[in-house]
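Numbering (my numbering), first residue to last: 3 to 314.
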């Protein structure tokens, strides 16, 4: 008892209660000041929606890519917060193939998640399959004038297609785009295959192996044929008092072949000029045809028969 009284008489021995009260007041004041300067606020974020615990060889359809999450926390924290710091996901554990409605989970390590919108999402789970399918070329554009596609080779000629079972059943064909726009020479390139659904729409949720296909396209100069009449061309003058009363060409028609842009516009083909002054005494002349460049005829030489008589 005496020792206790002695300690009470020591200087400062009775100051511990005021000190504790002062400390508590300081803490309360600090909390009040910080609350005024950095209050707790709420803010909405649009974040990516992930998935967890999906069974092997299963794929998910119709899951929203993003959802809205409202979080609560200090204003300074939320001001510098990015969407990547908030985690949102659906737990797909033990779910089988078919339609499902699942709960969305979200957490925010520096504060509190207040609301998630939507809270439940509908999705479809399917079994992943693969199969081998042939490739076909999808020609895009048109080559240069008078150029035609002779052959397009795809290497390899088939690919392994991977996707959901229901999606694989909806595939109509696998195409490889080949752009020939304004090309005039054979070429080689690569392109990614594209799955085309039975509705004619490209399917983007299908993967391929290999991811790229070699394309070898052979282009040739296009040729068309056409039968056109032949007409004789004359130049020069006959002696005075003489005139040409008739002329015939044998054969009177020839078949020409060449670039479509030229041949399709041809309505006739003429002979080279026959000089009447030099051939006025003859009744028959062989003449070459005058053909445009790159155009050929089954007969390049024709016979022109003509009659010259006195004007009297």
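All C-beta atoms in this analysis are idealised placements derived from N, C-alpha and C, irrespective of residue type, glycine included.
With fewer than three CB-CB distances shorter than 8 angstroms, the region 67-79 does not count as touching the region 173-184.
One alpha carbon belongs to residue 281, the other to residue 247, and they sit about 15 angstroms apart. For residue 279 against residue 239, the beta-carbon gap comes to about 6 angstroms, under 8 angstroms, which counts as contact. For residue 197, the enclosing beta strand (DSSP E) covers residues 196-199. At a Cβ-Cβ threshold of 8 angstroms, residue 221 and residue 310 do not count as neighbours. With respect to residue 160, residue 142 sits apart: the two C-beta atoms are not nearer than 8 angstroms. For residue 179, there is no enclosing alpha helix (DSSP H); the residue is part of the beta strand (DSSP E) that begins and ends at 173-181.
By the Cβ test, the region 97-105 is in contact with the region 119-130, since at least three Cβ pairs between them sit closer than 8 angstroms. Between the region 286-306 and the region 253-273 there are three or more inter-stretch CB-CB distances shorter than 8 angstroms, so the stretches are counted as touching. Taking a C-beta distance under 8 angstroms as the contact criterion, residue 199 and residue 173 qualify as a contact pair.
Residue environment analysis places residue 21 among the exposed positions, since fewer than 16 neighbouring C-beta atoms fall within 10 angstroms of its C-beta.
For residue 206 and residue 271, the gap between their C-alpha atoms comes out near 55 angstroms.
Closest by C-alpha distance to residue 42, out of 90, 114, 228, is 114. In the displayed model, residue 152 falls within a strand according to three-state DSSP. By the CB criterion at 8 angstroms, residue 269 and residue 230 fall inside the cutoff.
For residue 101, the enclosing beta strand (DSSP E) covers residues 100-109. Looking at the DSSP output, residue 92 bridges to 53, 106. A residue is called buried once 16 or more other Cβ atoms fall within 10 Å of its Cβ, and residue 98, having fewer, is exposed.
One alpha carbon belongs to residue 133, the other to residue 191, and they sit about 25 angstroms apart. Taking each of 211, 260, 214, 196 in turn and checking the Cα distance to residue 223, the smallest one comes out for 260.
DSSP, read as helix, strand or coil, puts residue 190 in strand. The C-alpha of residue 87 is placed about 31 angstroms away from the C-alpha of residue 130. Rounded to the nearest whole angstrom, the CA to CA distance from residue 275 to residue 292 is 9 angstroms. When DSSP reads this structure, residue 133 sits in a beta bridge with 163. Short of 8 angstroms from the beta carbon of residue 237, and not among the five residues preceding or following it, lie these beta carbons of its own chain, in chain order: 275, 276, 277, 278.
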